[in-house]
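Here the structure comes first, spelled out in structure tokens, and everything after it is commentary.
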Amino acid sequence: MSARSGDHSLRPYIAGPGRRRKRPPYSPFAPHARQYGPLGRAKRRTGRADPVRDDPKIGVPKILVVGTCDTKRRELAYVQELIEKTGLRAELLDVSTRSPGAGARAVAACHPDGADAVFTGDRGSAVAAMARALEAHVGRRDDVAGMIGLGGSGGTALIAPAMRALPVGVPKLLVSTVASGDVAAYVGPSDLCMMYAVTDVAGLNRISRKVLGNAAHAIAGMVEHDLPAATDDKPAVGLTMFGVTTPAVDAVTAALEDTWDCLVFHATGTGGRSMEKLVDSGLIEAVIDLTTTEICDLLAGGVFPATDDRLGAVARTRVPYVGSCGALDMVNFGGMESVPAPFRHRRLHVHNPQVTLMRTNVDENRRIGAWIGAKLDACEGPVRFLLPEKGVSLLDVEGQPFFDPEADAALFAAIEASVKPTDRRRVIRLPFAIDDPEFAAAVVDQFREVTG
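Under my numbering, residue 601 is the last one in the sequence shown; the count climbs by one each step, no gaps.
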């Protein structure tokens, strides 16, 4: 596209009267962006088809500036202007539900049931429906180089789902009045960045101008300085880790990193969901799930729970899978005062002032083992699940506070009883603790077998 046809991002690099030609830096707005930008890379890896492009605004890569123009037009226009002053392109996307203009109605029309499903007159249902419409609208585009949103509690809830749906690596920044609290519900298993607005997003003043200016330049910087695709062809493997399984994961990673791109996820609930989202997306081609501890918190009420869909991506995609019982000896709570009263008499360990661990008992381990076994039994891809008989974490070895062979035995027996072995699916006992070097070596051997 020439500068005359509207690609303002390229004008500084095109020679003209009194103008010296510059060499353009890498940018997702350059002509090659659709091949090498973050969205293009993700779509190539996931195999997503090109969307319908009947909207004349769709096609030129740009940063979407998203918010409710009926209440925040000045602030949104300010952010859009600052982005465009950097030489990048920005499109203001209106998601108003109370006094919608043509832009908001166009977004609402992307709702599966049409715009009438959005503009119901009820604010709560309208926000939820517009969120669904926005996600669909963004999902049909192939020109999103980045996305920035502004909102209070309602706007944040409206915009966040569409941002989460963008592939990992596409810059996404949400300036929000609720960003100083627990933002897990908004961020989920994505790389969404949230920035606290400090003042309400209601007018331009000495504070909001600075905060919104920083946000505008942050998203512009993320887009402008997008890293080029990796030059190696190593496949990606996802690994799960906790502090008490770090020696095992470190040893496995060291053995595989020459041939695999090792992506390690902290098993805090969100970590497992992030890994499985990437498995579903086709961006992770194998899994070494040594640390399944999130299942303890799911079944026993801890603060780092998995969802009921844990291991679902492995079953759906049939990726090669090697798993184990890492940190299934513990349920996570906050500080000691946060431990629920019914558990105060249990075996507790203060990991740090903000994290208290509760040792799982025999009954809990039977339930955990049966749950894992049922999930493994649904997997038709190559599966190996390794049982470390000498301990499932650094705390579960002889002389440590969570050492409990009876509880571990109940866990192992429940897993074995719930899994029907086949030539592709096996449960294997090993006479080592999970963090022993011999256990890591066995993990590597089994992984090479299922991926060979």
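C-beta: ideal position from N, C-alpha, C; glycine also.
Extent of the continuous alpha helix (DSSP H) run through residue i
i    : result
S430 : Looking at the DSSP string, S430 is not in any alpha helix (DSSP H), and its letter there is neither H nor E.
I583 : Where I583 is concerned, there is no enclosing alpha helix (DSSP H), given that its DSSP letter is neither H nor E.
H366 : 355-373
L101 : In the structure as shown, the chain begins at 150 and stops at 601. Residue 101 is therefore absent and cannot be evaluated.
Buried or exposed by the 16-neighbour rule on C-beta atoms within 10 Å, applied to residue i
i    : result
Q229 : buried
I577 : exposed
M485 : exposed
P586 : exposed
D545 : buried
Q503 : exposed
Coarse secondary structure for residue i, derived from DSSP in three states
i    : result
F414 : strand
T419 : helix
A258 : coil
A333 : helix
K321 : strand
P537 : strand
I444 : helix
D399 : helix
A461 : Residue identity check: residue 461 is Gly in the sequence provided, not Ala. Reduced to three states, the DSSP call for G461 is helix.
N510 : coil
G472 : strand
A492 : A quick correction: the sequence has Phe, not Ala, at residue 492. Reduced to three states, the DSSP call for F492 is helix.
G392 : helix
F482 : strand
V546 : coil
T618 : Since the displayed the chain opens at 150 and closes at 601, residue 618 lies outside it and no answer follows.
R574 : strand
V452 : coil
A590 : helix
A328 : coil
V350 : coil
A385 : strand
Q595 : helix
Cβ-Cβ separation, residue j to residue i (assumed contact under 8 Å), whole Å
i    : j    : result
A239 : V214 : 5 Å
D292 : K211 : 6 Å
L560 : L477 : 6 Å
V244 : L283 : 6 Å
F391 : T442 : 6 Å
G451 : V480 : 4 Å
G301 : V350 : 6 Å
M279 : V267 : 5 Å
V592 : C528 : 17 Å between Cβ atoms; not a contact.
N- and C-terminal bounds of the beta strand (DSSP E) containing residue i
i    : result
A435 : 435-438
L560 : Run containing L560: none in the beta strand (DSSP E); it sits in the alpha helix (DSSP H), 554-567.
V499 : 497-501
C103 : What the structure shows of the chain is the stretch from 150 to 601, and residue 103 is not part of that stretch, so it cannot be assessed.
Checklist line | beta strand (DSSP E) runs wholly inside the stretch 234-316, at least 3 long, in chain order | finding: Complete beta strand (DSSP E) runs here, min 3: 239-243, 293-300.
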